[in-house]
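Chains as they are written, first to last, in the working numbering: chain A, 2 to 202; chain B, 2 to 202.
Number of protein chains: 2
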Amino acid sequence: MTIAHLIDDDDAIRDALAWLLRSRGVASRAWSSAEAFLADYCGEMRGCIVLDIRMHNMSGPELFERMVELGCSMPIIFLTGHGDVPLAVNAIKRGAFDFIEKPFNDNELADRVIDALRIDAERSSQAASAATIEGRLAQLTSREREVMDLVLAGKFNKVIADELDIAMRTVEVHRARVFEKMGVRSAVELAQLLVGRAKTD
Amino acid sequence: MTIAHLIDDDDAIRDALAWLLRSRGVASRAWSSAEAFLADYCGEMRGCIVLDIRMHNMSGPELFERMVELGCSMPIIFLTGHGDVPLAVNAIKRGAFDFIEKPFNDNELADRVIDALRIDAERSSQAASAATIEGRLAQLTSREREVMDLVLAGKFNKVIADELDIAMRTVEVHRARVFEKMGVRSAVELAQLLVGRAKTD
DNA sequence: ACCGCCATTGTGGATATCCGCAAGCATGGG
DNA sequence: CCCATGCTTGCGGATATCCACAATGGCGGT
Chain A
2 MTIAHLIDDD DAIRDALAWL LRSRGVASRA WSSAEAFLAD YCGEMRGCIV
52 LDIRMHNMSG PELFERMVEL GCSMPIIFLT GHGDVPLAVN AIKRGAFDFI
102 EKPFNDNELA DRVIDALRID AERSSQAASA ATIEGRLAQL TSREREVMDL
152 VLAGKFNKVI ADELDIAMRT VEVHRARVFE KMGVRSAVEL AQLLVGRAKT
202 D
Chain B
2 MTIAHLIDDD DAIRDALAWL LRSRGVASRA WSSAEAFLAD YCGEMRGCIV
52 LDIRMHNMSG PELFERMVEL GCSMPIIFLT GHGDVPLAVN AIKRGAFDFI
102 EKPFNDNELA DRVIDALRID AERSSQAASA ATIEGRLAQL TSREREVMDL
152 VLAGKFNKVI ADELDIAMRT VEVHRARVFE KMGVRSAVEL AQLLVGRAKT
202 D
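Right, dumping it as C-alpha cells:
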C-alpha cells in the first residue's frame, strides 16, 4: 500500500492535506506527533512522509534524524512556516526529498507528494532486487565467499588455489557452487550482478 | 592549482573573504560579476566557487545554471543575505555544495570552503581515472566494441561468433585487442573496470 | 602504386575452465 | 552412533580460452 504519511500537530493542516491528496487520488494516514508516528512505524512501510518542522516535543528534523537511523528510505517532504535556510539546506543535504514553505500552493504540494510516491515505488523495486541478491549471498558458505572474492578479482583458479593453499579442484567446486547459488553461469555475469558491492558484505 | 573562486559584486565582501581564506592557507581569486567570471572560465579550472546570490545583471543561480550547462564540476557555495528557502532548496537539489546565510561565521565558512576544496580534489582524481577509461574506450574500433559488449554480457566466443556471423578466431583476436587496449587481463577485470557504464558509450 | 589500419580466417598447441564420478575427513545435531 | 553439511582432493574428459605464426582483402591517405 503506497500512501502518504502525514505528521503534523495541527489538526486543520492534517485534514486539509488529507482532503487535498484524496482529491488527487492519493491515500493518506495522519499522525498528530512524531512520537505517535514512530510508535506505528515499521520498516515495511511504503509511500512518503509529509512532515511539519515545528511540533511539540520531537521536531521534524529530530524525527528525520531518527528515521535515518532506522534505515527508513521513504522520501520525506518537510513543511515549514518560518523559512529557516540552514535547516532546509541541512535537510536536503541529508537526503530529504523536499522542503516546502507554508503557506504552500496546493497543487504544487500534491505534485511533489505524487513525485515522492513515484520515487519510492522505484526505490522499492530496486531494493527488492537488491534484497534477492543479498539473500543469495547469505546462502554462501564463508569459504565460498572467499573464493568468490578472488574470482571477482579476476584471478585464475590456479592462483586462487595457491593463495588459499588448497587444491585447484577444490576451488573449482566452490566456484561452481557460487555460480549455482548466485544464479549465474559465468564469472562475468557474477561481476555484473555485484557491481558496486563491497567484498564479503 | 586548487583555489577558491570568489564571485561577488561587493568589494568589501570579496576582500574580507580573500583575507579570511588567506589566513587559513587557502589561495583565492576574485571576480566582481558573474559575467567577468564566465569570461575567464575554462573547463580545466579546479577548486571551488563562492558565489553571492544577488548580483547586478546575472544572479548567482543564473550563473549556477550556466555552469551546470558547461559541465563545471567545482563545488559551489552560495552566499545569501535574505534567506530564500526555495532558492536554497533548489540549489542544493541541483548539486550546489552549500548555501550559507550572511552574515556568516568566518570560521564556519572557511571550514566549508576547505571541505569543498577537498571534495573537488577527490572528484578530480576520480574524473581523471574516468577520463583514462574513456580514452581507452575511444581507442577501440567499432567491431571491437561490439565484441566487448557481448563479452560483457557473459557470452562465449562461440556464441559471439555466431551472433556476429564471423569465425570464432576473429572473435578471439578482437577480444584480445580489447583486453590489450583496455589494459586488463581477463573479462572479469574488464567488467570491474566498466561497472555502471552504458553499452558502447 | 605503396603503406598502414582494420577485419577476417586458419592451424596447432599450451592453458584454463567445467563437470561427473568417487571419496576421505571434521563438526555438530538427533 | 548415524547423518547432514561443509571442505577437501583426485581422475579424466569435454569445452573454452590464449596465443604465436601466417595470410587475404578492403579502404583511405601519400
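Positions of the beta carbon are idealized from the N, C-alpha and C atoms, including for glycine.
Sort out for me which residues DSSP pairs residue 65/A with in a bridge. Residue 65/A sits at position 64 when you count from the first residue of the first sequence. For residue 65/A, which the question treats as bridged, DSSP gives no partner whatsoever.
If you compare alpha carbons, which of 64/B, 136/B, 111/B is closest to residue 27/B? Position 26 of the second sequence, counting from 1, holds the residue named residue 27/B. For the residues 64/B, 136/B, 111/B, the minimum Cα distance to residue 27/B belongs to 111/B.
Would you kindly work out how many angstroms separate the C-alpha atoms of residue 201/A and residue 145/A, rounded to a whole number? To locate residue 201/A, count along the first sequence from 1; it is residue 200. To locate residue 145/A, count along the first sequence from 1; it is residue 144. With a pLDDT of 43 at residue 201/A, under the threshold of 50, the predicted position of this residue should be treated as unreliable, though the coordinate-derived value follows. One C-alpha to the other measures close to 10 Å.
Residue range of the unbroken beta strand (DSSP E) whose run includes residue 52/B: For this step, residue 52/B is matched to residue 51 along the second sequence. It spans 47-53 - the beta strand (DSSP E) in which residue 52/B sits, taken as one unbroken run.
Kindly say whether residue 205/B, judged by its beta-carbon, lies nearer than 8 Å to any beta-carbon of chain A. Chain B is shown from 2 up to 202; residue 205/B falls before or after that span and cannot be answered.
So is residue 166/B buried or exposed if we call it buried at 16+ other beta carbons inside 10 Å? Position 165 of the second sequence holds residue 166/B. That one is exposed.
For residue 102/B, would you say it is in contact with chain A, using Cβ-to-Cβ distances shorter than 8 Å as the test? Taking the first residue of the second sequence as position 1, residue 102/B is located at position 101. Output row for residue 102/B: interface = yes.
Determine, using beta carbons only, whether residue 99/A and residue 86/B come nearer to each other than 8 Å. Translated into positions along the first sequence, residue 99/A becomes position 98. Translated into positions along the second sequence, residue 86/B becomes position 85. Using a Cβ distance threshold of 8 Å, residue 99/A and residue 86/B do not count as a contacting pair.
So which residues on chain A does residue 18/B lean against when the C-beta distance must stay under 8 Å? Your numbering for residue 18/B matches position 17 in the second sequence. Result: empty, since nearest Cβ-Cβ is about 19 Å, beyond 8 Å.
With a cut-off of 8 Å on the beta carbons, I'd call residue 134/B and residue 191/B a contact; round off their distance for me. Sequence index remark: in the second sequence, residue 134/B carries index 133 (1-based). Sequence index remark: in the second sequence, residue 191/B carries index 190 (1-based). Actually they do not touch by this definition, with Cβ atoms about 11 Å apart.
Relative to the alpha-carbon of residue 92/A, which residue among 187/A, 76/A, 20/A, 103/A has its alpha-carbon at the smallest distance? On the first sequence, position 91 is the one that residue 92/A refers to. Per the Cα distances, 76/A.
Considering only their Cβ atoms, is the gap separating residue 103/A from residue 72/A smaller than 8 Å? Within the first sequence, residue 72/A is the residue found at index 71, counting from 1. Within the first sequence, residue 103/A is the residue found at index 102, counting from 1. In this structure, residue 103/A does not lie closer than 8 Å to residue 72/A by Cβ.
Tell me the DSSP secondary structure of residue 171/A in three-state form. Indexing the first sequence from 1 puts residue 171/A at position 170. In the structure shown, residue 171/A sits in a helix (DSSP, three-state: H, G or I).
Do residue 118/B and residue 80/B have their CB atoms nearer than 8 Å? On the second sequence, residue 118/B is found 117 positions in, with the first residue counted as 1. On the second sequence, residue 80/B is found 79 positions in, with the first residue counted as 1. Result no, Cβ atoms of residue 118/B and residue 80/B do not sit closer than 8 Å.
Short-range partners of chain B found in the segment 76-98 of chain A, where Cβ spacing is below 8 Å: For the segment 76-98 of chain A, which is checked against every Cβ of chain B, the residues closer than 8 Å are 81, 84, 85, 86, 87, 89, 90, 93, 94.
Beta-ladder partner(s) of residue 102/B, from DSSP: Taking the second sequence and counting its residues from 1, one reaches residue 102/B at position 101. Per DSSP, 81/B.
What would DSSP say about residue 178/A, mapped onto helix, strand or coil? Position 177 of the first sequence holds residue 178/A. Residue 178/A: helix per DSSP, three-state reduction.
Candidates 15/B, 20/B, 25/B: closest to residue 32/B by CA position: Working through the second sequence from its first residue, we reach residue 32/B at position 31. With distances taken between Cα atoms, residue 32/B lies closest to 15/B.
Do residue 30/A and the ligand HEM come close, with the Cβ less than 7 Å from some heavy atom? The ligand HEM is absent from the structure shown, which contains no ligand whatsoever.
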